[in-house]
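Chains as they are written, first to last, in the working numbering: chain A, 111 to 287; chain B, 111 to 287; chain C, 1136 to 1218; chain D, 1136 to 1218; chain E, 50 to 346; chain F, 50 to 346; chain G, 797 to 1162; chain H, 797 to 1162. Written out below as structure tokens is the structure these notes cover.
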Ligand SMILES: Cc1ncc(C[n+]2csc(CCOP(=O)(O)OP(=O)(O)O)c2C)c(N)n1
Ligand SMILES: Cc1ncc(C[n+]2csc(CCOP(=O)(O)OP(=O)(O)O)c2C)c(N)n1
Ligand code: SF4
Ligand code: SF4
Ligand code: SF4
Ligand code: SF4
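Here's what the structure looks like:
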């Protein structure tokens, strides 16, 4: 795999940064090199956050921000109202494919999170579900992802998050324009 | 006058620095250039203090310390016990010429100060008397010195110090080896 | 230098109404006009017009303080449709 | 580095006895051995030997505290001969 | 103590909506109250902290106050200079330092110096009991046993009592206040503005993300702190007085159960019963001191 | 309060004669007492000040203590680190910070921080009420109306009450002391050394050149300050107690006339009768506070 | 073992493996997560050290100074305004020749408040006597921290490890972590008696007044000892080999770029692109600014040198360029870019380097 | 009128004649007498200003920052550790572009504690955006302080006037003091609204978060404006003419010495002595380090240049030499001397310069 650049769009509190981190570990588990980059700046709960993920077969040298991601993951449909999403492939937390002019993968991560009671301060925590969907799209094995999640969470929380990821890994659907 | 370099040796509290300052003003009053340099460092009352005076017809450019003074003024005979005094000319606060191998001027500045009640914390303040003797040796007019003292002290203190300087200006004696 | 100077602007962080998960809904009929919600809204997103309050949804972040402080329960927090 | 390190030394400022204008003179006969002078000498220039005090004139700066604190007036400050 | 009525408060906004403060932010509440209390007289001096972010960015300010950003440790000294300029140039206005508790850690010498000089300013320490802007680290005023990212097992030292310390500095005006009692805070700000010299207000500011409670509960938590006696409202304006709101809680029987306050916060979730008993003991002691001070000062 | 008898005091010298202190130097008196009280246990940490000079120069030290020179504002923090090293490496000894009042101005945040953390050290502020090493400039603790080179008309602000402020910091041990009462100081140092944590002593240190009195009068002036009630000796070791020496002066009638203290000093020569009356009023007030504290703490 | 770690966590990991005994630090973005992680390690017993929650950076380094003077292996970390606030202590520690290690997460100096990378803060230390390293990525941040302890304790000079704010500090990357046993072999316990030790019953006084000549000789000796650092780094005996510089496609380079920090990775990709076009360009990456790799630069024999840097000495220009010019034998061009954290990526470097080769490049990359 | 004044009193006199409105400073040897004199002037009503007895240098410059942001003409003074302690504020003031004037009495940085001159402290400001002047004597200290206010207020950059500790600060010399009316013509009242003014009722926020590009542009603009300072100094319209450099016996010089500060007087005497022996030697004295007089140095056309300086950037060498080398077209030799206040006098310079001419001079003058 040559260098692949991914952008995650999420609201503060949704766990976009953690998702990038989990996927980087997943990539490492798959024998790849990876970078997870949080939004550089002062986040406030609720505001739009951009995080990045780079994956490659070779060590990744660049440290600048990702400008033209090949894949964009969108953690909430609402984000489409405030941010322009331009990429070949979009992975979105949604019941329907709500985009055009690109390859779209969609999964109802919010429902998965709510059903598993992954909620904080009123928000469904969709990051592991979205990680599941993204891992699938990126072609990673579920085992690698599971391990990454277990490195990130512990105890019961790990279980729940693995479940969420598993469901999304399986439920994510592709829709092409 | 080419550059003339003078060193003043005094104990902290005797006013060696002030004497240098007064003589620098006197020199200015005489149309000359001058520099008064205090000991560079942390003085403590009672310790030996070295101050310097430079006088010249031309602006004085150097700012290094005086290493080979032509004239040394010694504010207390006791200083001879702890410091080596080497110069062509020595001006000393003493009843007798107590040195050899150089031109010596001596004046009993302590008695002058005590008689005029110029005392602080048990010490006779000999600086103006010594300034008088030094001004005489340096060939300055008493008027120039008087003005310098009056710029330095005010009121009754100025009067007393002028008197001390005047007496020393007149009483200083030369003794040559 | 100018770029180091900022001037008073509503929405210095953008339309912060987007941050909401829950939305305060005001029921005028229950309101006794105490204005506690107005006083305690940290966002300053509540206005008082002719003694009645009105919530500026462009900026209200949905913190829920207004609903909680209201003794008359005239404000209710309702989940925003989509998250 | 060594030159940044100093070791305990009497007379770190030299023979500070030279600083004196007045000299404390001890009259053993008046002394009641209270050792207040020893306790209050800021220079630590008073030693106690067999219950008697002795002043180290190499370092005594002649501050006069010992004379003042002595209730028996067993120490007197006397002008040094030459100033 | 002048009573402040809600209806009489000005409607003009000095903290503008749509700023970067988190949901339920106590600083936002406090800054809003500051605008209501003193309005156009305020010139804000803000050292690093959450308020730096709240103030806005690029060309957009969240304040209708003039506001000068300053280094973390410097705010009261900057106010000294700025106040001097106002006086010399005949401008009416009060330098108001708005700092977090972190600002009063690193800047405590600065604060103390300005107070000792009795320089003309109002200093408000909006105390959310940790360094929030950098992500919830322990500060001098962090509550005993509270968890932070630098005290993951709970803080071992006691909360620094800023207001009493400033009282012993002989500040011209000292008060404690709480974002749970905005009218009391406004009344104290107004009182402070009528006094000359160095005026200090220690404002209790519960922070939802920092303390771990829901954003809707900022006011409730703040009030519980007062009701359980852990935060005592008082004022010194030449005379030391426990504020009417806190007065009843001098009587221990009237206090809300301490657990009600503590159990609502994630940072205290690990407390043992002994810990809680110890906190209660300390609260009782604090009341003794405050009551004694009321009798002397 | 353990009584210290002169005859029992050790004869070993930790401050060596022939150092650079001025005649009649209060720091010298205090440092000597420190050696008598704690001897080999002491590791000195000295920020900039007269003591920097007194400590000696080149290869000659005036101390038989180990001594680390440190930047002006840093001393208590250095002690924190040093104390940690002693503990880890199993060395018995106490980091003792010896600072001037200037050190407690610029370093007040450092001092406050170490105290709030209850770090293990003894801090002694030897207070000669001005920055002497740089030539008598006003400090936070300079006495009201005293003349200094930066306050040539007399200081306008009140003396900062360090000890009470540290008391409100909840230091583990706080005391005031005076170079006029060396035995009391030694006794307090020994008490402090038996307590763990942060211990603070505010030592009153009249300075002959700085205050303008004859070098023979250091002890007398120090005692007059206590006798006229202007300097109150007290101790807090869990319990607040006025020290026996000061106790009688709670009764105003027993106090020495204030003028006796003031008139001996050049820095006060310009005081008017009203000034003196005002000082007296403030002393009375201070006593009220101290007596009240005795009843609470 | 390979792990995904941010630069900051990599540093914390290195400090743990170095068995640091004393840590005092004050939070500041983007350094904070180092401190948080270390606090956690200490509280959880993963690291047997004291962690002090100081009230300022001045006190952070003061406490570290005290601990180091008492014989402990001590560490701190800071950034930008934090560094400026402890600046006096930085000089004090260096002149005291204590082997302290500090992580410096680079960040722009305000106002305006700005938390993004810029190398001005690190460079304010360049006269002080600190060894100054600048890492390109999390792996180097990890390695240089460990090498830092070793070299600092060998030569008795403090060691600062720079890492770009966010770009390295907060970017999680794959880092190869050695076994603890390897580290233990590499890094023995600190010698407690060097350069001096303050302890009860050992009555030495350190740092007091001395002869002027001594103050001068101290600086002279520090400068001389700094010259030995290159060899110490090269012969450190670490798991991986390190040098003061990295040479990237330099052998036949007619055009040489000199840079330091995280963006060098982007620049290397740009160099690869130009190489594909046949441009003989390479990079001399400064892994250390102090000691300054003067010889390595002087030896460069090429058509021209381009210094790209994230700083500006107001009234003089690029700081590194000035230093490079003072020793280079080939012509040097200076470009200041990326100040205030402005993002400069591969595409930027491609056009910057093309402009350089063509001689069409200005002094500022705005 | 001619007066005998120490350098410090000359500075205080200049501040008085400049009608400074706000002064905050903290004592430190050898700066203290400036502060004492100003305090006296203010208390005696000779100067209508506020004098604040701050509790630290950080607060001194913070208070001055506040006063200047409020529109006042403000002044402070410090030295060595005082400068390091206010270092954060120095950067803040510069980036804020406030026309503050500071006297910096140079002093060696400890440990060991040392109160004597050395130029390392002043040079720590060289990146920050302060205009940096260094006077040779009390007269220049006086003149440059006045010029400082004028230039700072014209270009909105802070201005530091350096003077050597003791050698200038405490040496009483003959100083020519102009009439107040002359000064008033030269220096108008400060414009209150430049670069901004913080005042009640004017709701601007200054110094907050901005775009990264803005932080970069700020530094770019400062650098650009710094380039204008040379002209402003030359055209200041002061009683005496000033330039960034002084040229001493330079016209036909084959050997050029570059130095700054008080010892240049001694060096000039040494030059006269060598000239008497027929050696064509002269001096380019740096009266300013920032802006760096690059053009003046680049223009030097001589056999070789000798830079003599009282500082050392550990791990790189002479700071001024590095900068001179970066722009000079003639070969440059560097000598570090007089650090820690070591006295270097006429005789030393004579033999140093002879060694230089003969090519027998080492890098350190110990
Ligand atoms: C000298 C310096 N050190 C550290 C920082 C980093 N810093 C910025 S804000 C902050 C914490 C602020 O905490 P607090 O004052 O309690 O305010 P809050 O964020 O909680 O409102 C810190 C440590 C800084 N800006 N400057
Ligand atoms: C950062 C810094 N600022 C200023 C100084 C200069 N300085 C040295 S000692 C001193 C005053 C000391 O006063 P104090 O602490 O009261 O001690 P004293 O000399 O009276 O014993 C000052 C201002 C310094 N060394 N460092
Ligand atoms: S929910 Fe919060 S922000 Fe919205 S109006 Fe209510 S109090 Fe204000
Ligand atoms: S005069 Fe002073 S120094 Fe001398 S012995 Fe007496 S107390 Fe000690
Ligand atoms: S962290 Fe707390 S104090 Fe800071 S902005 Fe958020 S709610 Fe306010
Ligand atoms: S000035 Fe005072 S405190 Fe300082 S050494 Fe002299 S007597 Fe002691």
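Where is the CB? At the ideal position from N, CA and C, for every residue including glycine. On a predicted model such as this, the values are computed, not experimentally measured, just so you know.
Three-state class that DSSP yields for residue i in the structure shown
i                      : result
residue 248 (chain F)  : strand
residue 1148 (chain C) : coil
residue 828 (chain G)  : helix
residue 206 (chain E)  : coil
residue 210 (chain A)  : coil
residue 257 (chain E)  : helix
Opening and closing residue of the alpha helix (DSSP H) in which residue i lies
i                      : result
residue 234 (chain E)  : 231 to 243
residue 1019 (chain G) : 1008 to 1023
residue 166 (chain A)  : Residue 166 (chain A) -> not in any alpha helix (DSSP H); beta strand (DSSP E) instead, spanning 158 to 166.
residue 294 (chain F)  : Neither: residue 294 (chain F) is in no alpha helix (DSSP H) and is coded neither H nor E.
residue 1063 (chain G) : 1060 to 1072
Residue i - partner residues in DSSP beta bridges
i                      : result
residue 1214 (chain D) : D:1157
residue 1182 (chain C) : C:1189
residue 115 (chain A)  : A:164
residue 1044 (chain G) : G:1079
residue 883 (chain H)  : Bridge partners of residue 883 (chain H): none, in fact.
Segment limits, beta strand (DSSP E) that includes residue i
i                     : result
residue 909 (chain G) : Residue 909 (chain G) -> no beta strand (DSSP E), and no H or E assigned at all.
residue 51 (chain F)  : It is not in any beta strand (DSSP E) - residue 51 (chain F) carries neither H nor E in the DSSP assignment.
Short CB-CB distance (under 8 Å) between residue i and chain K
i                      : result
residue 1148 (chain C) : Among the protein chains of the structure shown, namely A, B, C, D, E, F, G and H, there is no chain K.
>> So if I threshold CB-CB distances at 7 Å, which residues from the segment 169 to 196 of chain B count as touching chain D?
In response: 186, 187, 188, 192
> If contact means a Cβ-Cβ distance below 7 Å, which residues of the segment 60 to 80 of chain F contact chain D?
Replying inline: 60, 62, 64, 65, 66, 67, 68, 69, 70, 72, 73, 74, 77, 78
> Listed from N- to C-terminal order along the chain, which residues in the segment 120 to 140 of chain F have their beta-carbon within a distance smaller than 9 Å of any beta-carbon of chain D?
Replying inline: none
>> Any C-beta of chain F within less than 8 Å: which residues of the segment 207 to 233 of chain E qualify?
In response: 207, 209, 210, 213, 214, 216, 217, 218, 219
> Of the residues that make up the segment 245 to 273 of chain F, which ones have a beta carbon closer than 9 Å to any beta carbon in chain D?
Replying inline: 257, 263, 264, 265, 266, 267, 268, 269
> Listed in chain order, which residues of the segment 1169 to 1201 of chain D have Cβ atoms closer than 8 Å to some Cβ of chain B?
Replying inline: 1196
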